[in-house]
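Q:
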Amino acid sequence: MKYKNELDKSSKKFYCPKCSKKRMVRFINLDGDYLPAEYGRCDRVLKCGYFNKPNGGDDISNMHVIYPPKPKPPTSFIKREIFEASMRGYERNNLYQYLIKHYDENLVKYVFLKYNVGTSKAWGGSTVFWQMDGSGKLRSGKVMKYNADSGKRVKKPRPLITWAHSLLNLNQFNLKQVLFGEHLLSDLNNENVVCLVESEKTTLVCAIEFPQFNWIATGSFQLFRPKSLQVLKESSIIVFPDTDAHDAWVKKAAEISTDLKIEIDVSDFLKKKSVKSNSKKGLDLADILVRNNDIKAQLETEFNTILKTKIMRHPILGKNIESFDKDMVIDLSSFKKLLCFSKIG
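Using full-length UniProt numbering, the letters of the sequence shown map in sequence onto residues 1 to 345.
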């Protein structure tokens, strides 16, 4: 439906009056003109939450309809040759260069290729996290710049993040996101356990640290929703949220569990680590795994505890779960098929 005022659907962002970050989507009128700068919604849902609607805060959906509903535009896709051209140039990919300082380069490259992680010329050495659906079609790629020394995202003087279709200037591109790594789900059966953490980078690090598992990402808290997790409806899910968003994920997990009638366990592993270390900043699983070898053993114990509980509830899961083997030789030709799931950063 077309209403008097609606949020701008383009990728353009403005500075938020509350958090001062360039993350606000403004309202537009029927002519496509922007309303005053105070009207809009900050997409930093958890850390800011600014949302100022026009007309005194009235629900936009209650405004009278001006035009009849239009058919939904079809999903847009990226040409495969563009994707293939990005799957090289790792010598100038900052995230790749960071990871090979800590892990065997052959394994890092294998994981990049498995998860469709490419290189972009944007900002010199950016990483492209391609989103490929279960049919092998490319929805788009999230492009982010990392610091090659710290492995952290470059956020100053502004966050260096965009989409492949934006860089390609593809007009009227209708992005419908899927899980990062969703193309790997076709190998799973309904008795698989799916573990959820936060970012694409975390997915790669955990796939290296725990080759017993396949890791997949939502990409953002906004995509931790029933529609995105529909493909996992028959799976048993474990969530490993970052500490600064733990409570929000617990609440959302309960809602999704009820909606989809699926089992979701939320681990408090990182939250306990944060309290123990008296950390004021949010802990990210990937960063503490790279920095602290002892964390891996502790996380293995956490996994085994959760999985044993799941097996007691659902004995059929035991057929798909193998115990951790710290001395396991990594087979680069094939990872085992137990799936773990991660989120978006």
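C-beta atoms are modelled at their ideal positions from N, C-alpha and C, and glycine is treated no differently.
(1) How is the alpha helix (DSSP H) around A286 delimited, first residue to last?
(2) My output table needs one value for residue 418: the three-state DSSP class, helix, strand or coil.
(3) Please give the ranges of any alpha helix (DSSP H) in the UniProt domain "Zinc beta-ribbon finger putative" (3-55), keeping only runs that are unbroken, at least 4 residues long and fully inside the region.
(4) Given a cut-off of 8 angstroms on the beta-carbon distance, is the pair Y39 and C16 in contact?
(5) So for F144, helix, strand or coil by DSSP?
(6) Give me the Cα-Cα distance between residue 349 and T127, rounded to the nearest whole angstrom.
(7) According to DSSP, is N160 part of a helix, a strand, or is it coil?
(8) Within a Cβ cutoff of 7 angstroms, which residues of the same chain sit near G89, ignoring the five residues on either side of it in sequence?
(9) For V24 and R92, I'd like the C-alpha separation in whole angstroms.
(10) Rounded to whole angstroms, what's the CA-CA distance from A37 to R26? Just pull it up for me.
(11) Which same chain residues end up closer than 8 angstroms to I28 when comparing Cβ atoms and leaving out the 5 residues on each side of it in sequence?
(12) What are the boundary residues of the alpha helix (DSSP H) that V108 is part of?
(13) Excluding five sequence neighbours on each side, which residues of the same chain lie with their C-beta closer than 7 angstroms to the C-beta of F129?
(14) Near A85, which residues of its chain fall below 6 angstroms by C-beta distance, leaving aside the five closest residues on each side in sequence?
(15) Roughly how many angstroms lie between the CA atoms of residue 353 and E300, to the nearest whole one?
(16) Quickly, what does DSSP pair Q131 with across the bridge? List them, please.
(17) Does the region 207-218 come within contact of the region 158-170, defined as at least 3 CB pairs closer than 8 angstroms?
(18) Below 6 angstroms CB to CB, which residues in the same chain sit around M132 once its five sequence neighbours on both sides are set aside?
(19) Pick from S220, L175 and S166: whose alpha carbon is nearest that of L46?
(20) Return the residue from the list V178, Y98 and L175 that minimises the CA-CA distance to K152.
A: Straight from the coordinates:
(1) Position 286 of the sequence shown, counted from the first residue, corresponds to residue 286. Looking at the DSSP string, the run of the alpha helix (DSSP H) that includes A286 is L285 to R291.
(2) Because the chain in this structure spans residues 1 to 345, residue 418 falls outside the shown range and cannot be described.
(3) none
(4) The residue you call residue 39 lines up with position 39 of the sequence shown. The residue you call residue 16 lines up with position 16 of the sequence shown. Contact: no.
(5) For this step, residue 144 is matched to residue 144 along the sequence shown. The amino acid occupying residue 144 in the given sequence is Met; Phe does not appear at that position. DSSP places M144 in strand when its eight states are reduced to three.
(6) Since the first and last residues shown for the chain are 1 and 345, residue 349 lies out of range.
(7) Position 160 of the sequence shown, counted from the first residue, corresponds to residue 160. The sequence given here has Leu at residue 160, not Asn. Coil, per DSSP.
(8) For the purposes of this step, residue 89 is identified with residue 89 of the sequence shown, where counting begins at 1. Taking G89 as the centre and dropping the five residues before and after it, the same chain places the C-beta of T119 closer than 7 angstroms to its C-beta, in chain order.
(9) Here residue 24 corresponds to residue number 24 of the sequence shown, with the count starting at 1. Here residue 92 corresponds to residue number 92 of the sequence shown, with the count starting at 1. What sits at residue 24 in the sequence shown is Met, not Val. Cα-Cα distance, rounded: 32 angstroms.
(10) Along the sequence shown, read from residue 1 onward, the residue named residue 37 stands at position 37. Along the sequence shown, read from residue 1 onward, the residue named residue 26 stands at position 26. Between the alpha carbons of A37 and R26 lies a distance of about 7 angstroms.
(11) Along the sequence shown, read from residue 1 onward, the residue named residue 28 stands at position 28. Answer for I28: N5, E6, L7, D8, Y34 and L35, listed in chain order.
(12) By 1-based counting over the sequence shown, the position of residue 108 is 108. Here the alpha helix (DSSP H) through V108 covers E105 to K114.
(13) On the sequence shown, residue 129 is found 129 positions in, with the first residue counted as 1. Take F129, set aside five residues on each side of it, and the residues of its chain with a beta-carbon closer than 7 angstroms to its own are V117, G141, K142, F180 and E200, in chain order.
(14) Here residue 85 is taken as the residue at index 85 of the sequence shown, counted from 1. Nothing meets the Cβ criterion.
(15) For the chain, the structure presents residues 1 to 345; residue 353 sits outside this window and is missing.
(16) Numbered from 1 along the sequence shown, position 131 holds the residue referred to as residue 131. Beta-bridge pairing links Q131 to S140.
(17) no
(18) Locating residue 132 in the sequence shown gives position 132, where the first residue counts as 1. Closer than 6 angstroms at the Cβ level, and outside the excluded window around M132, lie N116, L138 and H183.
(19) To locate residue 46, count along the sequence shown from 1; it is residue 46. For L46, the nearest C-alpha among the options comes from S220.
(20) Taking the sequence shown and counting its residues from 1, one reaches residue 152 at position 152. It is Y98 whose Cα lies nearest to the Cα of K152.
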